[in-house]
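Visitor:
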Amino acid sequence: MKSPSVHQPVIIVGANLVGLSAALCLSKQRVPTIVLEKHAGISKHPRAIGFTSRTLEIYRRLGIADQIPEIPKDFNLMRARVESMTGKWFESTSWSDTDSSNKRSNQEEPAPKKQYSPSRGAALPQDQLEAILQAAAVERGVDIRRQHRVADVQQNAHSVTVTVVDPQEKETQIEGSYLIAADGNRSTVRELLHIPRNGRGHMQTMRSVLFRAPLEQYMQGVHQFNIDQPDLKAFMTTYNDGRWVLMFHDDVERDEPTLRSAINQAIGRSDLPVDIITTGRWDLAALVADTFQSGRVFLAGDAAHTLPPNRGGYGANTGIHDVDNLAWKLAAVLSGKSSPGLLDTYDAERRPVALLRHDQIFARADYKVHLDKATPAGKKLDDNAMEFGQLYLSKGFIGVDNNLPRALKPDEWAGQPGTHVPHFWVTQGGNPISILDVVGEDSWTLVSESAEWGDVVAQVNLRSLVTLKHVCIGRDVQFTDEGSFQEALGVSATGASLLRPDGYIAWRTKGMPANPVKCLNDVVAQVTFRVNSRQD
């Protein structure tokens, strides 16, 4: 093998939502990357459109959320079953897929809506979001190489070497300390590593046509349409920019006149201007890799878990959350502050999330039809629990066990280690901000109401390669939300919670320990997988 022509700490395969998000997460951690992408440009087909509040929280930390328009306040995404858009409408349902048994009667006052995040999510087409991510990555010095195809991956105890074919069909070798495979459902890297997948599997191959048409006046506040005609069963939705997609539940190739006829049939009239942009063919499948890590290679996004489009937005969002989990860990190991054992927590934390989301897709109305008769539908979990309250179980936490539920709403967890710190409002300098913006600076943070913890943190930092920051509620920021800080995190006035760089609660103590410096030092050594401590 030739000597590698380039060495970067992390190689990323795939310049899509997940790969570009990984590059930005690592850039914020000051870790250089090289991104390899086989396609020449961003796909013309927008694909995903719904990005959740947790995803927007990640982009807030990355400094790009202001470029992503959030969905309007009190917006409710509706789906209607119709004969055609301008024809007969049968019924409509909410995006949340709430059971009618859970709906309140007209005589009851609606329950106040708990705000679990400072962000509302976004309904932005994937191609537009990828353009934002790509521009930010280039501005921050990320080396993106398009039309570079991965031909082989080899690794040893110290590095990963990727054989790449460039646009001129020339082979080169690129070496990295680690590799993130974000190269999609048909991941070349996953196949080269012979990592199997399991799950519900392939359900059907679908065709779609992307088109532009002036249909806004017929929407009636609905964005998604199930077309239900004897000779046309299809799904149609808007990308909120004049573009629409019509998805066929079959694998039939249609010529342009046939596509135009189907579009007109779905609209219910044929006198509107329709501009066909492109067509697509894709597999509806649900598969999760048997492992998300093979040595120095990590699978993320569709390469790790192929999940069908659903109302919970589990596809692209789950992949973005993968790399948010992984990036700070890679940075900690590459900097020598943490041992490689920290990287083992990636699979332990993220794969159960993918498996739970796989199962939850089939617990919801849209996909129950795809279950085998012998496979009962599981219990449907609350959408807010799935978005904000999934539990991590790994050696990176103290105070978690297998007997805990896999997901609860943040207020039900009340600061349980293994869960994300709940959003609550504080004021800083007289301005209201989320606690997520106070602690979300990519460092380990100890949060308490007692100022005494400041001295404890300072003493631990003297001997630790991993530096903590201390946020004192009542001194550094004022708690302004309903309830109390103690209720939110399940501690007393003298207790504290230790938060990871990704906002997850690694440990908490209800009160001040007998020997707080030794206690906190031991905790930090365990949950950060600290390599060693500074000497006196």
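Counting from 1, one number per residue, gives the positions in the sequence shown under full-length UniProt numbering. C-beta: ideal position from N, C-alpha, C; glycine also. Everything numeric in this text was worked out from a predicted model, so none of it was measured.
Does the distance from the C-beta atom of GLY313 to that of GLY50 stay below 7 Å?
Guide: For the purposes of this step, residue 313 is taken as the residue at position 313 of the sequence shown. For the purposes of this step, residue 50 is taken as the residue at position 50 of the sequence shown. Cβ distance < 7 Å, so GLY313 and GLY50 count as in contact.
Visitor: State the CB to CB distance for the pair ILE71 and ALA131, rounded to an integer number of angstroms; the pair is presumed to be in contact (CB under 8 Å).
Guide: Stepping through the sequence shown from its first residue, residue 71 is reached at position 71. Stepping through the sequence shown from its first residue, residue 131 is reached at position 131. Not quite, the Cβ-Cβ distance comes to about 19 Å (not below 8 Å), so this is no contact.
Visitor: Could you tell me whether the Cβ of LEU62 comes closer than 7 Å to any Cβ of chain D?
Guide: Of the protein chains in the structure, only one exists, and it is not chain D.
Visitor: GLN220: buried (16+ other C-beta within 10 angstroms of its C-beta) or exposed?
Guide: Counting from 1 along the sequence shown, the entry for residue 220 is found at position 220. The residue in question, GLN220, is exposed, as its Cβ has fewer than 16 Cβ neighbours within 10 Å.
Visitor: Exposed or buried, what is GLN154 when buried is set at 16 or more other beta-carbons lying within 10 Å of its beta-carbon?
Guide: As a first step, residue 154 must be located in the sequence shown, where it is residue number 154. Under this definition GLN154 is an exposed residue.
Visitor: Could you tell me which residues DSSP pairs with ALA285 in its beta bridges?
Guide: Within the sequence shown, numbered from 1, the residue matching residue 285 stands at position 285. Looking at the DSSP output, ALA285 sits in a beta bridge with HIS202.
Visitor: Would you mind stating whether THR33 and VAL142 have Cβ atoms separated by less than 7 Å?
Guide: Position 33 of the sequence shown, counted from the first residue, corresponds to residue 33. Position 142 of the sequence shown, counted from the first residue, corresponds to residue 142. In this structure, VAL142 lies closer than 7 Å to THR33 by Cβ.
Visitor: Which residue marks the beginning of the alpha helix (DSSP H) containing LEU129, and which one marks its end?
Guide: Residue numbering aside, residue 129 sits at position 129 when the sequence shown is read from its first letter. Element bounds for LEU129: 126 to 139.
Visitor: Less than 8 Å between the CB atoms is what I'm expecting for SER119 and LEU62, so what's the real figure, rounded?
Guide: Within the sequence shown, the letter at position 119 stands for residue 119. Within the sequence shown, the letter at position 62 stands for residue 62. No, SER119 and LEU62 are not in contact; Cβ-Cβ is about 13 Å, not under 8 Å.
Visitor: Could you tell me whether the Cβ atoms of LYS38 and THR278 are closer together than 7 Å?
Guide: Counting from 1 along the sequence shown, the entry for residue 38 is found at position 38. Counting from 1 along the sequence shown, the entry for residue 278 is found at position 278. For LYS38 and THR278, no; Cβs fall outside 7 Å.
Visitor: Where SER94 and ALA365 are concerned, what is the direct C-alpha to C-alpha distance, given to the nearest angstrom?
Guide: Taking the first residue of the sequence shown as 1, we reach residue 94 at position 94. Taking the first residue of the sequence shown as 1, we reach residue 365 at position 365. The alpha-carbon atoms of SER94 and ALA365 are separated by roughly 12 Å.
Visitor: Check whether the Cβ atoms of VAL10 and VAL31 lie closer than 7 Å to each other.
Guide: Residue 10 sits at position 10 when you count from the first residue of the sequence shown. Residue 31 sits at position 31 when you count from the first residue of the sequence shown. Yes. Within cutoff.
Visitor: For ALA520 versus VAL456, is the C-beta distance shorter than 7 Å?
Guide: Mapped onto the sequence shown, residue 520 falls at position 520. Mapped onto the sequence shown, residue 456 falls at position 456. The residue you asked about is not Ala; residue 520 is Leu in the sequence shown. Yes, these two residues count as a Cβ contact at 7 Å.
Visitor: On the DSSP letters alone, give me the boundaries of the alpha helix (DSSP H) that GLU387 sits inside.
Guide: Taking the sequence shown and counting its residues from 1, the one referred to as residue 387 is at position 387. Segment 383 to 388, the alpha helix (DSSP H) holding GLU387.
Visitor: Per DSSP, what are the beta-bridge partners of ALA123 in this structure?
Guide: In the sequence shown, counting from the first residue as 1, residue 123 sits at position 123. Answer is GLY50.
Visitor: In the DSSP output, which residue or residues are listed as bridge partners for ARG207?
Guide: Taking the sequence shown and counting its residues from 1, the one referred to as residue 207 is at position 207. Answer is PHE248 and ARG281.
Visitor: Fully enclosed by the stretch 415 to 499, which alpha helix (DSSP H) runs are 4 residues long or longer?
Guide: DSSP assignment within the stretch 415 to 499 yields the following whole alpha helix (DSSP H) runs of 4 residues or more, N-terminal first: 435 to 439, 452 to 462 and 485 to 489.
Visitor: Compute the beta-carbon to beta-carbon distance between LEU446 and THR419, rounded to the nearest angstrom, for a pair I have assumed lies under 8 Å.
Guide: Along the sequence shown, read from residue 1 onward, the residue named residue 446 stands at position 446. Along the sequence shown, read from residue 1 onward, the residue named residue 419 stands at position 419. Wrong, their Cβ atoms sit about 17 Å apart, outside the cutoff.
Visitor: To the nearest angstrom, how far is the alpha carbon of TRP89 from that of VAL82?
Guide: Against the sequence shown, residue 89 aligns to sequence position 89. Against the sequence shown, residue 82 aligns to sequence position 82. Each residue's alpha carbon lies about 4 Å from the other.
Visitor: Report buried or exposed for ASN384, applying the criterion of at least 16 other Cβ atoms within 10 angstroms of its Cβ.
Guide: Numbered from 1 along the sequence shown, position 384 holds the residue referred to as residue 384. That one is buried.
Visitor: With ILE398 as the anchor, note down where its alpha helix (DSSP H) starts and where it stops.
Guide: Looking up residue 398 in the sequence shown gives position 398. Looking at the DSSP string, ILE398 is not in any alpha helix (DSSP H), and its letter there is neither H nor E.
Visitor: Between the alpha carbons of GLU175 and HIS148, how many angstroms are there, rounded?
Guide: For the purposes of this step, residue 175 is taken as residue 175 along the sequence shown, with counting starting at 1. For the purposes of this step, residue 148 is taken as residue 148 along the sequence shown, with counting starting at 1. Looking at the backbone, the Cα of GLU175 and that of HIS148 are separated by about 15 Å.
Visitor: Helix or strand or just coil, what does DSSP make of ALA182?
Guide: In the sequence shown, residue 182 corresponds to position 182, counting from 1. Secondary structure at ALA182: coil, using DSSP grouped into helix, strand and coil.
Visitor: Hey, how far is the Cα of TRP282 from the Cα of THR188?
Guide: Counting from one through the sequence shown, the residue named residue 282 turns up at place 282. Counting from one through the sequence shown, the residue named residue 188 turns up at place 188. If you take the alpha carbons of TRP282 and THR188, they lie about 17 Å apart.
Visitor: Considering just the uninterrupted stretch of the beta strand (DSSP E) at LEU232, what are its terminal residues?
Guide: Looking up residue 232 in the sequence shown gives position 232. Annotation: the continuous beta strand (DSSP E) that includes LEU232 extends over 232 to 238.
Visitor: For GLU256, does the count of other Cβ atoms within 10 angstroms reach 16, so buried, or fall short, so exposed?
Guide: Translated into positions along the sequence shown, residue 256 becomes position 256. So GLU256 counts as exposed.
Visitor: Which residues mark the beginning and the end of the beta strand (DSSP E) in which HIS321 is found?
Guide: Residue numbering aside, residue 321 sits at position 321 when the sequence shown is read from its first letter. Element bounds for HIS321: not the beta strand (DSSP E) but the alpha helix (DSSP H), 316 to 334.
Visitor: Since PRO9 is in the beta strand (DSSP E), which residue starts that stretch and which ends it?
Guide: Position 9 of the sequence shown holds residue 9. First-last of the beta strand (DSSP E) with PRO9: 6 to 13.
Visitor: How do the stretch 236 to 255 and the stretch 11 to 29 stand: do at least 3 beta-carbon pairs fall below 8 Å, yes or no?
Guide: no
Visitor: By the DSSP assignment, the beta strand (DSSP E) with ILE227 in it spans what residues?
Guide: Position 227 of the sequence shown, counting from 1, holds the residue named residue 227. Note, ILE227: beta strand (DSSP E), 224 to 229.
Visitor: State buried or exposed for ARG269, treating a residue as buried only when at least 16 other CB atoms are found within 10 Å of its CB.
Guide: Here the question's residue 269 lines up with position 269 in the sequence shown. With fewer than 16 Cβ atoms within 10 Å of its Cβ, ARG269 is classed as exposed.
Visitor: How long is the line joining the alpha carbons of SER84 and LEU124, rounded to whole angstroms?
Guide: Position 84 of the sequence shown, counted from the start, is the residue given in the question as residue 84. Position 124 of the sequence shown, counted from the start, is the residue given in the question as residue 124. Whole-angstrom Cα-Cα distance: 25 Å.
Visitor: What's the call for ALA506, buried or exposed, on a 16-neighbour Cβ count within 10 Å?
Guide: Taking the sequence shown and counting its residues from 1, one reaches residue 506 at position 506. That one is buried.
Visitor: DSSP three-state call for GLU70: helix, strand or coil?
Guide: Your numbering for residue 70 matches position 70 in the sequence shown. In this structure, GLU70 counts as coil in the three-state DSSP scheme.
Visitor: Mapping DSSP to helix, strand and coil, what is TYR504?
Guide: Here residue 504 corresponds to residue number 504 of the sequence shown, with the count starting at 1. Residue state, collapsed to three classes: strand.
Visitor: Starting from GLU253, follow the alpha helix (DSSP H) in both directions and report where the run begins and ends.
Guide: Residue 253 sits at position 253 when you count from the first residue of the sequence shown. Per DSSP, GLU253 belongs to no alpha helix (DSSP H) and is neither H nor E.
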